[in-house]
Structures are given as structure tokens and as C-alpha cells.
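Participant: Have a look at the structure that comes next, please.
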Ligand code: ARG
């Protein structure tokens, strides 16, 4: 018996003795609560971690018709949790406040297609990488844009504070008036559709998925080797080594037993490491 269950048993026993004493004192109005003394003590409840995710980022995280949060990231974290022996509760959390919510302790971890960057590492801790990504340019079908450098003087839509935002800010300069920042990547892509921007720069998996699922938008994508390779990590509050170790252990376990590959294939149709970038699963 672990010390917690021992303590519990003693608590239950103490309560039962107290009820007997009360009963003996003739306090009849209140029937003593049924003493669960014979029942086995309930197993210690599993720890439930609150997971922040900006669920406007299919196929990684989005809300289905029933407003449930679903996606590749969600299934990866659920599989990790099952291995590591904790429960997870996903809470839709706007990207712009997501790191703050973690720092404040409102979320225990984040899974939100978050790219591991040196700058972010200063203020948060990342799990081992679980997904490879890169920036990708979305333009309208007839566009002459052929490479990233072509965007230097054009109107470009990005999601505020993402690595796409960083890349375009670096290209155009901090004070550029041509960068249109949106609170979500789908909003930036809608703006491209309506002609408000000439291009959108965002994570390849999300752009490919959006273009495939919005044929009416008449988009095409442009890749460029100039974009640095990115990797996604699960994020914990700086210093939360215990949870980080659990996440890394769980991640290694789902990679080793094939469950990671299964989830990957469900969303991207090919085994990880296959040459093709994230392809769109119409989910
Ligand atoms: N990978 C990019 C970054 O870390 C964008 C992630 C945005 N994620 C989201 N769920 N909106 O900056």
C-alpha cells in the first residue's frame, strides 16, 4: 500500500469511528453517512493536465462540428498521456496569449504546432521535436511570385507572432507597412482570397491543408529553400522538468511502438521522413 492510500484508509477509518461516537451520543437526527469502511479505497485519481492549443490550425488542431478539439497534435499528446499515465484536457487558447497562459500557470503544457526557437527557449522549455516543418508561401493561382525574395515589397499576410511573421519581418524590415498581421492563419488566407494581400507565409502543413480544402479560393503554393527547417515541440513552463521528462518518455514510447507513425499516416498519408511535405488530409 502506498503512503497515500494508507493515509486515505486511515482517514476513512477515522471518519467511521467519529460517526459511531456521534451515533452513540444519541445524535439521531443525522443518520451517520454509510461508512465505506469495507470498500477498497478508491485508486488515486490520475493527474489531469490542462493543455493549451490554438485550435484554428488544421490539421494540427481545430474544432470539429461538435466543437471538440481534434487534430494531429491532439492525438499525439493523447497517446503520450496514455503512455505516461496522466490525463489531458484541451483548452482552446488564442495564439497571442498562449505563452502567457503557460507562464501564468493557467495551462500546464501547450501543443500548438509550436516551432522550437532559440528565442522561445529563453522563456519556456520544449520537449524533443515531434514534427518537421517549414514556411510555405500561398498565392493566388495566376501570381508571378516565384520565391520568397519576391515578397520584399508586396503585401503579405501572416499570423501575429509566428515564425512566418518573423521571416517576413526579417525580409521587409521591422517598420514595414506591408505586413498584415492576423490573429489566425485561416484569417490571413481569407484575406489572400479576397485580394487584401498578395501572399501569405505560414507553416507548410497548414497552408497545404487549407489550399486543398478551399479549391474555390484558387490558390497555389510556392516553396523556397531559403526558409530554415523548423521543428515542433510540446511546451512546458520553464523549469517544469518533471512534466518535460514524462512527455519525452511518452513521445519516445509512441515513436518506438508505431503509434506515432499511425497518427502521422492518418493525417499526412505517408510515413514521417518521406520526402513529400505535409499533404492534406481532408478531415
Ligand atoms: N509554427 C509556427 C510558430 O511556432 C506557427 C504555429 C501556430 N500555431 C497555431 N496553432 N496557431 O510560430
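In our numbering, the protein residues as written are 8 to 290. Each residue gets a CB set at the ideal place from its N, CA and C atoms; glycine is no exception. All figures in this text were calculated on a predicted structure; none of them were measured in a lab.
#1: Quick check: the Cα distance between residue 132 and residue 250, rounded to an integer number of angstroms?
#2: For residue 112 and residue 245, I'd like the C-alpha separation in whole angstroms.
#3: Is residue 129 helix, strand or coil by DSSP?
#4: Quick one: Cα of residue 143 to Cα of residue 49, how far?
#5: Between residue 224 and the rest of its own chain, which residues show a CB-CB distance below 6 Å, the 5 nearest in sequence each way excluded?
#6: For residue 62, I'd like the list of residues in its chain whose CB is within less than 7 Å of its CB, leaving aside the five on either flank, ordered along the chain.
#7: Alpha carbon to alpha carbon, how far is residue 260 from residue 235? Give it in angstroms, no decimals.
#8: Among 208, 59, 114, which one has its Cα closest to the Cα of residue 169?
#9: Do the region 123–139 and the region 150–167 meet, that is, are 3 or more Cβ pairs less than 8 Å apart?
#10: Using the Cβ count rule (16 or more neighbours within 10 Å means buried), how would you classify residue 222?
#11: Step through the CB atoms of chain B and report whether any lies within less than 8 Å of the CB of residue 195.
#12: Pairing CB atoms from the region 256–270 with CB atoms from the region 85–97, are three or more of them under 8 Å?
#13: Using a threshold of 7 Å, is the CB atom of residue 217 nearer than that to any non-hydrogen atom of ligand 1?
#14: Any heavy atom of ligand 3 within a distance shorter than 7 Å of the CB on residue 169?
#15: Assuming residue 240 and residue 136 are in contact, meaning their beta carbons sit under 8 Å apart, how far apart are those beta carbons, in whole angstroms?
#16: What three-state label does DSSP hand residue 277 in the structure shown?
#17: Beta-carbon within less than 6 Å of residue 65's beta-carbon, same chain only, minus the 5 sequence neighbours each way: which residues are those?
#18: So if DSSP puts residue 63 in a beta bridge, which residue, or which two residues, is it bridged to?
#19: What I want to know is whether the C-beta of residue 61 ends up closer than 7 Å to one or more non-hydrogen atoms of ligand 1.
#20: For the alpha helix (DSSP H) holding residue 79, just list the boundary residues, first then last.
Facilitator: Answer, in terms of the structure:
#1: Straight across, the Cα-Cα distance linking residue 132 with residue 250 is about 10 Å.
#2: Near 11 Å, if we compare the C-alpha coordinates of residue 245 and residue 112.
#3: The answer is coil: DSSP assigns residue 129 none of H, G, I, E or B.
#4: In this structure, the straight-line span from the alpha carbon of residue 143 to that of residue 49 is close to 51 Å.
#5: The beta carbon of residue 224 sits closer than 6 Å to those of 200, all from its chain and outside the five residues before and after it, given in chain order.
#6: Correct list, in chain order: 68, 69, 70, 76, 99.
#7: Roughly 28 Å separates the two Cα atoms.
#8: With distances taken between Cα atoms, residue 169 lies closest to 208.
#9: As far as the Cβ criterion goes, the region 123–139 does not touch the region 150–167, which means the pair count is below three.
#10: Result: exposed.
#11: You won't find chain B in this structure, because it holds only one protein chain.
#12: Contact between the region 256–270 and the region 85–97 is present, because at least three Cβ pairs lie under 8 Å.
#13: It does not: the Cβ of residue 217 is nowhere closer than 7 Å to a heavy atom of ligand 1.
#14: By its list of ligands, the structure shown excludes ligand 3, since it contains just ligand 1.
#15: Their Cβ separation, rounded to whole angstroms, is 6 Å, which keeps residue 240 and residue 136 in contact under 8 Å.
#16: DSSP places residue 277 outside both helix and strand once states are collapsed to three, so it counts as coil.
#17: Cβ within range, chain order: 216.
#18: According to DSSP, which records beta bridges pairwise, residue 63 is partnered with 69.
#19: With a threshold of 7 Å, the Cβ atom of residue 61 counts as near ligand 1, since some heavy atom of the ligand is closer than that.
#20: Here the alpha helix (DSSP H) through residue 79 covers 79–91.
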